[in-house]
Amino acid sequence: VSPSDEPNLFQNLNVDILEVYALYPFHGTFQQLFNGSNIKYLRISGGDIRSDVSQSFTGTIRRLEVAKQASALSVQHFPVYPAHELIINAFYIIDFNDEHPPNYVNLVEIRVYSPDHIPANAFRQFPNIHTLSVSTDKDIDPHAFDGFTHLEKLTIKSAKLNLDIFNSLPNLKEFETNIEK
Numbered sequence: 009v010s011p012s013d014e015p016n017l018f019q020n021l022n023v024d025i026l027e028v029y030a031l032y033p034f035h036g037t038f039q040q041l042f043n044g045s046n047i048k049y050l051r052i053s054g055g056d057i058r059s060d061v062s063q064s065f066t067g068t069i070r071r072l073e074v075a076k077q078a079s080a081l082s083v084q085h086f087p088v089y090p091a092h093e094l095i096i097n098a099f100y101i102i103d104f105n106d107e108h109p110p111n112y113v114n115l116v117e118i119r120v121y122s123p124d125h126i127p128a129n130a131f132r133q134f135p136n137i138h139t140l141s142v143s144t145d146k147d148i149d150p151h152a153f154d155g156f157t158h159l160e161k162l163t164i165k166s167a168k169l170n171l172d173i174f175n176s177l178p179n180l181k182e183f184e185t186n187i188e189k
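Each residue of the sequence shown is one higher than the one before, counting from 9 in my numbering.
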């Protein structure tokens, strides 16, 4: 998507799957770009597409995945989008203690890669997600997942895995790991 492109580029589009790679920040908003569209699965990766929840939006986005490099899981990096389900796919997260926690009512899944240690309460701002994937080059604090009450599926790729993490996951149904040495 070029910065000079039409802000209503995908307006009234009706497709099952659409993948958008934004090389530059988009000058319009998500609401302008997809207004009136009916998309079952939309994946946006690369640059930023702003969201303005005060703008009217008549489209239907069933599932939205936003994939990008960011330093934190925050609304500055991952705005609130008008989609039924939101998946955040974040690379190189280093700050897990954002002072302004996002309020995602539609967030169902988070996928995180961090080159650093995953600290205690790293995901406390997202207690209602159902699926979490964490990949790190370091270790994960045993209390990193404290507070999850709805987490059903957890995937961990870590150099070190402490089994105490399971003590705070009462509803976990599925666990997958790839322990690398």
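Virtual Cβ for every residue (Gly too), placed ideally from N, Cα, C.
- Every alpha helix (DSSP H) of 4 residues or more that sits fully in the region 29 to 61 is shown, in chain order, as 38 to 42.
- Residue 47 and residue 176 have their C-alpha atoms some 36 Å from each other.
- A residue is called buried once 16 or more other Cβ atoms fall within 10 Å of its Cβ, and residue 84, having fewer, is exposed.
- Between residue 149 and residue 128, the C-beta gap is smaller than 7 Å, which places the two residues in contact.
- Between residue 90 and residue 118, the beta carbon gap of about 19 Å keeps them out of contact (Cβ cut-off 8 Å).
- Rounded to the nearest angstrom, the gap between the Cα atoms of residue 16 and residue 39 is 9 Å.
- Ranked by Cα distance from residue 125, the options 169, 86, 114, 156 are led by 169.
- Rounded to whole angstroms, the separation of the alpha carbons of residue 58 and residue 67 is 16 Å.
- The three-state reading of DSSP puts residue 171 in helix, counting H, G and I together.
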